[in-house]
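In the working numbering, the protein residues as written are 1 to 735. Below is one structure, written out as structure tokens, with a few remarks after it.
Shown next as structure tokens:
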């Protein structure tokens, strides 16, 4: 891409990015400011509407004050005289005062007189039961101890919301004692809402808070009933914005939602202002872009093009006597002068190089021959070495390796290793150790006989011993490492076999001693219990009989532990015969009682033929299936799945039981470890020995509360009469 095109693209991209940034900033700042101004305007109008509604309640309260602080009302509450009713509580009173309810209550809380009035029909109606329930359930509206107390506000009735006011009934002088209470109410109906709309010049609406048709945007205010002053502003669309606030009743509970509907004039004015600003920014940016590109072309790009053309001519003609113009006094003119000086220097050096080139070819041929001889020697050493030899740079990148390295790590060619980090040959768990040894090698110059866990190409781990030293250049500066690796898998296997054989011998010797030393006293105890049971059993009470049974159970349990210990310690001899895996599993299932609450599924087992020790493998299956059943006391699903993988058979037994805690997964293979009340702790260790005696492995996966899966993998055919010691490793299976 030409410099001119690059410059134009860079400048255009920069200008357009700046235009986008300025426009975005203008959008955020201007529009957010107008949106905030619009929100404040809506909140002010919502508060104004609420204040007008509060004024309507205050008017009702002032009207009530004239009636409650009146001698006639005082004596009427005391004696319930009919003259007061006939003179004052006429229908015309309700019509003129726009009242929907008047209730007189004496100091005992009894209603002396009450009347409800329908202003539309201009007729008396029964008093709302919801209003009477509020009076009866709470003394807030009538139980006054002071003459100055009063209550006014809103009340939500079944028929709808009502403006309510209540004051204590006193003498005209305002003095007590309080004779009772007078309650007046006006329905907050469509007429009142229309009156509120006219007074505020706003589009208003009042809805019940429990109205299912209430907009979802306001539902969040339900849970915030304590904050009755909260005002929510929500744009409905580009033309309308809504304002909401809660209206609480006389008890302080939110009951109504006051909604104000306003046009978005402020927001539209903000959009118009934003469009003018963005238009100005874009026009100014385009003008700046045009001027900048013209100046860039005349002052820089055109002059660079001249220098480039002369340089091309020098390259084509090989005429080092040509020079570029040096006009001006800026960086480009300085570059031209330096370029001309460079041409002079190059011309001089060219003559010198011609003289050196005559002798250089002979020197190169000599050095090349010596290098080939050294490379041949190095290849011979690398090929003849029985150990893996690997060279790396200081960053651990492999630069060379011999054939033994490829064989040890199971790579096909050097190309798969050269250029990669040496850490691909080391197991991740030893990476930190390797980093520490690299630092030690740089400090000391070498390390010897360090054991690591190495990796093959397919991820198989094996132990190896490594010695390494630093590679230095002629100036004794470190430039890399060379490492010699020896596979010690066989040595480790022999060490493990020796250790396990010694451990098994010790267990066998201990088991024999325990069996001999414990069985004699156990036999004596069992004989004594048998004698007591046959001679005196019928004469014993129930507690003594229970003790004899406990002793017998303890003897049997002790014998079982001794037998399991002896069996675990002895050699395993395999009596190999051919069988069908499906038949073997069916016989194992039929030998135990499976509850009806457990569903059993078998998959892929009938078609598999194999040669195994049938009795011992059946014992393994019975033990694992029994454990699975015991893990599902409330029922569940037992799944047995079989499959062939090359020359091996995989048997998976899964349950949906309680599962095994993670901290116990490794302990279940240890003798005498059990979580059962009646378990001995030898079942799974013996199963593991039997599977390993067949040249296989047994693994477990479990999640608490979801179930456990045991997987047995054994060769499909094994040699007969195998003898395997406890926990003996199987190299075939490991491979």
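Glycine included, each C-beta is placed from N, C-alpha and C at the ideal position. No experiment lies behind these values; they were computed from the predicted model shown.
Can you tell which of the options has the C-alpha that lies nearest to the C-alpha of residue i?
{"i": "residue 478", "options": "65, 391 and 148", "result": "391"}
{"i": "residue 690", "options": "628, 306, 622 and 97", "result": "622"}
{"i": "residue 636", "options": "613, 612 and 594", "result": "594"}
{"i": "residue 737", "options": "456, 430, 459 and 442", "result": "Past the boundaries of the shown model lies residue 737; the chain is included only from 1 to 735, so the question cannot be answered."}
{"i": "residue 610", "options": "419, 592, 301 and 578", "result": "578"}
{"i": "residue 425", "options": "317, 459, 393 and 432", "result": "459"}
{"i": "residue 193", "options": "395, 52 and 685", "result": "52"}
{"i": "residue 661", "options": "698, 684, 687 and 704", "result": "704"}
{"i": "residue 533", "options": "542, 543, 524 and 548", "result": "548"}
{"i": "residue 24", "options": "8, 178, 281 and 57", "result": "281"}
{"i": "residue 167", "options": "336, 150 and 310", "result": "150"}
{"i": "residue 142", "options": "686, 109 and 373", "result": "109"}
{"i": "residue 344", "options": "318, 126 and 590", "result": "318"}
{"i": "residue 584", "options": "596, 592, 572 and 614", "result": "614"}
{"i": "residue 334", "options": "135, 307 and 238", "result": "307"}
Excluding the five sequence neighbours on either side, which residues of its own chain have a C-beta within less than 6 angstroms of the C-beta of residue i, listed in chain order?
{"i": "residue 231", "result": "43, 46 and 245"}
{"i": "residue 328", "result": "none"}
{"i": "residue 4", "result": "301"}
{"i": "residue 68", "result": "167, 169 and 182"}
Just confirm the distance between the C-beta atoms of residue i and residue j, as a whole number of angstroms; I'd bet it's less than 8 angstroms.
{"i": "residue 255", "j": "residue 156", "result": "4 angstroms"}
{"i": "residue 185", "j": "residue 101", "result": "4 angstroms"}
{"i": "residue 618", "j": "residue 587", "result": "7 angstroms"}
{"i": "residue 657", "j": "residue 632", "result": "4 angstroms"}
{"i": "residue 77", "j": "residue 104", "result": "6 angstroms"}
{"i": "residue 419", "j": "residue 438", "result": "Their Cβ separation, rounded to whole angstroms, is 19 angstroms, which puts residue 419 and residue 438 out of contact at 8 angstroms."}
{"i": "residue 470", "j": "residue 481", "result": "6 angstroms"}
{"i": "residue 180", "j": "residue 112", "result": "7 angstroms"}
{"i": "residue 624", "j": "residue 600", "result": "With a Cβ gap of about 13 angstroms, residue 624 and residue 600 do not count as contacting."}
{"i": "residue 665", "j": "residue 700", "result": "6 angstroms"}
{"i": "residue 89", "j": "residue 115", "result": "6 angstroms"}
Can you list, in chain order, the residues of its chain with a C-beta nearer than 7 angstroms to that of residue i? Leave out the 5 residues immediately preceding and following it.
{"i": "residue 464", "result": "452, 454, 485, 486, 487 and 488"}
{"i": "residue 552", "result": "529"}
{"i": "residue 526", "result": "555"}
{"i": "residue 225", "result": "Bear in mind that the predicted position of residue 225 carries a pLDDT of just 41, short of 50, making it too unreliable to give a figure here."}
{"i": "residue 176", "result": "147 and 170"}
{"i": "residue 303", "result": "332"}
{"i": "residue 97", "result": "63"}
{"i": "residue 48", "result": "200"}
{"i": "residue 436", "result": "none"}
{"i": "residue 730", "result": "With a pLDDT of only 38 at residue 730, under the threshold of 50, the placement of this residue in the model should not be trusted, and no figure is reported."}
{"i": "residue 648", "result": "713, 714, 715 and 716"}
Taking the beta strand (DSSP E) that residue i belongs to, which residues open and close that run?
{"i": "residue 206", "result": "203 to 208"}
{"i": "residue 459", "result": "No beta strand (DSSP E) contains residue 459, which DSSP labels as neither H nor E."}
{"i": "residue 641", "result": "636 to 645"}
{"i": "residue 254", "result": "254 to 263"}
{"i": "residue 609", "result": "609 to 613"}
{"i": "residue 539", "result": "No beta strand (DSSP E) holds residue 539; DSSP gives it neither H nor E."}
{"i": "residue 131", "result": "Unbroken run through residue 131 is the alpha helix (DSSP H), 129 to 137; no beta strand (DSSP E)."}
{"i": "residue 481", "result": "478 to 487"}
Kindly indicate if chain C contains any beta-carbon less than 8 angstroms away from that of residue i.
{"i": "residue 491", "result": "Protein chains in the displayed structure number just one, and chain C is not present."}
By Cβ distance below 8 angstroms, which residues in the same chain neighbour residue i in space, the five residues on each side in sequence not counted?
{"i": "residue 240", "result": "261, 262, 263 and 264"}
{"i": "residue 340", "result": "323, 324 and 326"}
{"i": "residue 350", "result": "320"}
{"i": "residue 288", "result": "15"}
{"i": "residue 718", "result": "574, 576, 611, 612, 694 and 695"}
{"i": "residue 71", "result": "171 and 172"}
{"i": "residue 409", "result": "388, 417, 425, 454, 455, 456 and 457"}
{"i": "residue 598", "result": "629, 632, 635, 636, 637 and 638"}
{"i": "residue 581", "result": "605, 606, 608, 609, 610, 642, 649 and 651"}
{"i": "residue 545", "result": "537"}
With residue i as the anchor, note down where its alpha helix (DSSP H) starts and where it stops.
{"i": "residue 685", "result": "683 to 693"}
{"i": "residue 7", "result": "3 to 26"}
{"i": "residue 55", "result": "32 to 68"}
Report task. Count the C-beta pairs between the stretch 603 to 610 and the stretch 640 to 650 that are closer than 8 angstroms, then say yes if the count reaches three, no if not. Result -> yes
Query raised in the report: Pairing CB atoms from the stretch 9 to 29 with CB atoms from the stretch 248 to 259, are three or more of them under 8 angstroms?
Result: no
Query raised in the report: Between the stretch 265 to 272 and the stretch 33 to 41, do at least 3 Cβ pairs fall closer than 8 angstroms?
Result: yes
**Report entry** Any 3 or more C-beta pairs closer than 8 angstroms across the stretch 159 to 173 and the stretch 186 to 201
**Finding:** yes
Requested in this report: Would you be able to state if there are at least three C-beta pairs under 8 angstroms between the stretch 440 to 448 and the stretch 346 to 362?
Outcome: no
Query raised in the report: Taking contact to mean at least 3 C-beta pairs separated by less than 8 angstroms, is the stretch 120 to 137 in contact with the stretch 200 to 215?
Result: no
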